[in-house]
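This note's numbering numbers the first residue of the sequence shown as 560 and each following residue consecutively.
Idealized CB from N, CA, C, for every residue including glycine.
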Amino acid sequence: MPAVKSVTIVGAGFAGCATAILLAQAGVEVDLIDQNPEIVRRGSGITLQGNALRVLRQLGVWEEILALGYPFNTVGFRAPDPAGTLLAEVPDARTGGPDLPATLGMPRPALASSLLRRARDVGVRVQLGVKYLGFTQQSSGVETLLDNGSTVRSDLLVGADGVRSHVRHDLGVDSAIHPIGMGIWRMFLPRPSSIDHTDLIYGGPSYIAGYCPTSEDTLYAYIVEPFDAASADLGHEAGVARMLELSRAYHGPWDDLRPFITDDRYLNYAVFESHVVEQEWGNGRVVIMGDAAHSCPPTLAQGAAQALEDAAVLAELVLQADEFTAQLVHDYSERRRDRAKAVVTASVQLCDWLIKGDTHADVPGLLRQISTLVGEPA
């Protein structure tokens, strides 16, 4: 019998939805709360590595995700020269196992919609547009106060509410958010048939230029530049003009993509930052996960994967234990903290090498290190 009969989850992102699904399909009563009324419309494209796909298969959404996205098994590296010269095309590590693709790209809103639909299908009570206000806990349970005037009582509260987590704050857990010094422009574009995997260009006037196929017809292109507060404040048209100007330094397939960087397309700008909660990821009957516990720049495409791994580990421990104890929270923290920290550290290291222009950086070695780590289930 599971260690808890009821769970409240604040945050309906990937970590929150995944936890809700895993627990609900095992018979636990789950309330999933998010203050955003339109969560499935957030974001641009997402790159999912094999270890993320492994968890999505556990959630029962893999076939749907495969149909919605675009799988591939290689990654290319191009030069920032007038021809966009292809330097190498190498097999990507299948970190989810040999029966899953190495990578799958898809629209982030499509993934969010799939997970939310699955959560409802397995009986999760979903409340969107409802804000978390705080909690009180006793030895026997937690009461979560919401801004609609209701209070939800459960055996466990999970804070999956993002980098600046209110649950983490109320838990009294400190975590400094570190700026990296980079910002990324992302835009959905039509996918030429010639692009069937990710190509990366390191260098030039920006740090990285790349793209990831997201369906038979689409991809998302991205350019990582030095962070400038002015970029974050640009309006849509000025932002499109900025991405278009940055793209002019990159060639090869970029020459085919550039005409589609226009004002009528969705554009997203995000700032790179990171953090890891060093202390235990919970206290009493309250735990944190996902971006509330750790976040990293997307240089290794492991943000969503690590959040999904949090969900898989917490659900496994809760469902296998006969009672909820401090040892369960400790075991959850111990299994996840060092692994997530290693991914965050490696992601930040890659950024640091790019910022410093380190020509002796062992990028292949770092990629192998992380692929080996996440190739084993969390």
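Leaving out the 5 sequence neighbours to the left and right, which residues in its chain are closer than 8 Å to residue i when beta-carbon positions are compared?
i, result
"Glu882", "Ala562"
"Asn632", "Pro650, Asp651, Arg653, Pro660, Ala661, Thr662 and His756"
"Met560", "Asp881"
"Phe786", "Pro738, Ile739, Gly740, Met741, Gly742, Val830 and Phe831"
"Leu612", "Trp621, Ile624, Gly655, Leu659, Pro660 and Leu663"
"Leu705", "Ile592, Gln686, Val689, Lys690, Tyr691, Leu692 and Val711"
"Arg801", "Trp744, Ser790 and Leu793"
"Phe694", "Val701, Glu702, Thr703, Leu704, Leu716, Val726, Asp729 and Val845"
To the nearest angstrom, report how far apart residue i and residue j are at their CA atoms.
i, j, result
"Gly841", "Leu646", "46 Å"
"Asp850", "Gln696", "23 Å"
"Ala710", "Arg723", "Per the sequence presented here, residue 710 reads as Thr, with Ala not at that position. Distance between the alpha carbons of Thr710 and Arg723: 23 Å."
"Ile624", "Tyr779", "17 Å"
"Ile592", "Val683", "10 Å"
"Val701", "Glu868", "24 Å"
"Ser930", "Gly708", "46 Å"
"Gln879", "Ala871", "12 Å"
"Tyr901", "Val933", "For clarity, residue 901 is Ala in the given sequence; the question names Tyr instead. Near 10 Å, if we compare the C-alpha coordinates of Val933 and Ala901."
"Lys564", "Val685", "17 Å"
"Gly769", "Asp714", "45 Å"
"Ile605", "Leu582", "25 Å"
"Gly718", "Ala571", "10 Å"
"Leu826", "Tyr781", "10 Å"
"Ala936", "Pro818", "Strictly speaking, residue 936 in this sequence is Pro, with Ala absent from that position. Cα to Cα, the separation comes out at about 42 Å."
"Gly916", "Gly762", "8 Å"
"Pro923", "Ser698", "49 Å"
"Pro772", "Pro630", "8 Å"
Sort the options by Cα distance to residue i and report the nearest one.
i, options, result
"Asp680", "Val620, Asp787 and Asp814", "Val620"
"Asp720", "Asp729, Ala800, Leu659 and Ala669", "Asp729"
"Asp822", "Glu796, Phe831 and Leu887", "Glu796"
"Leu555", "Ser603, Gly586 and Met665", "Here the chain has residues from 560 to 937 only, and residue 555 is not among them."
"Cys855", "Gln865, Ala638 and Ala871", "Gln865"
"Ile847", "Lys900, Gly575 and Lys564", "Gly575"
"Pro596", "Cys910, Ser672, Gly811 and Gln617", "Ser672"
"Asp658", "Glu622, Val877, Arg824 and Leu581", "Glu622"
"Val599", "Gly655, Ser565, Asn610 and Pro668", "Pro668"
"Gly635", "Ser753, Thr884 and Asp897", "Ser753"
"Arg898", "Leu913, Arg844, Val835 and Thr884", "Val835"
"Ala585", "Gly602, Val566 and Phe573", "Val566"
"Arg616", "Arg824, Ile767, Ala577 and Asp814", "Ala577"
"Asp776", "Thr918, Asp758, Leu826 and Pro749", "Pro749"
"Leu618", "Leu675, Pro639 and Ser603", "Leu675"
Just confirm the distance between the C-beta atoms of residue i and residue j, as a whole number of angstroms; I'd bet it's less than 8 Å.
i, j, result
"Ala943", "Leu925", "Since the first residue of the chain shown is 560 and the last is 937, residue 943 is not available in this structure."
"Ile739", "Phe831", "4 Å"
"Val569", "Tyr691", "5 Å"
"Glu784", "Ser806", "With 8 Å as the limit, Glu784 and Ser806 do not qualify as a contact, their Cβ atoms being about 11 Å apart."
"Arg844", "Leu716", "6 Å"
"Ala808", "Gln608", "No, Ala808 and Gln608 are not in contact; Cβ-Cβ is about 28 Å, not under 8 Å."
Once the 5 residues before and after residue i are set aside, which same chain residues still bring their CB inside 6 Å of it?
i, result
"Leu803", "Ile820"
"Arg894", "Val872"
"Ala579", "Ile568, Val589, Leu591, Ala678 and Val683"
"Arg896", "none"
"Leu887", "Leu876 and Ala880"
"Gly811", "Arg637 and Gly643"
"Glu648", "Thr633 and Gly635"
"Val903", "Ser833, Val835, His853 and Cys855"
By Cβ distance, which residues of its chain are closer than 7 Å to residue i, with the 5 residues on each side in sequence left out?
i, result
"Asp890", "Leu876"
"Thr858", "Ser906, Leu909 and Cys910"
"Ala735", "His834"
Could you confirm whether any beta carbon from chain D is found closer than 9 Å to the beta carbon of residue i?
i, result
"Leu625", "The structure shown contains no chain D, having only a single protein chain."
In the region 846-896, which residue ranges form an unbroken alpha helix (DSSP H) of at least 4 residues, counting only runs that do not cross its ends? 862-879
Beta strand (DSSP E) runs wholly inside the region 621-703, at least 3 long, in chain order: 629-631, 633-637, 645-650, 662-666, 684-687 and 691-697
Scan the region 780-845 and note each continuous beta strand (DSSP E) run of 3 residues or more that stays entirely inside, going in chain order. 826-835
Continuous beta strand (DSSP E) assignments of at least 3 residues falling wholly in the region 714-783: 715-718, 737-749, 757-761 and 767-772
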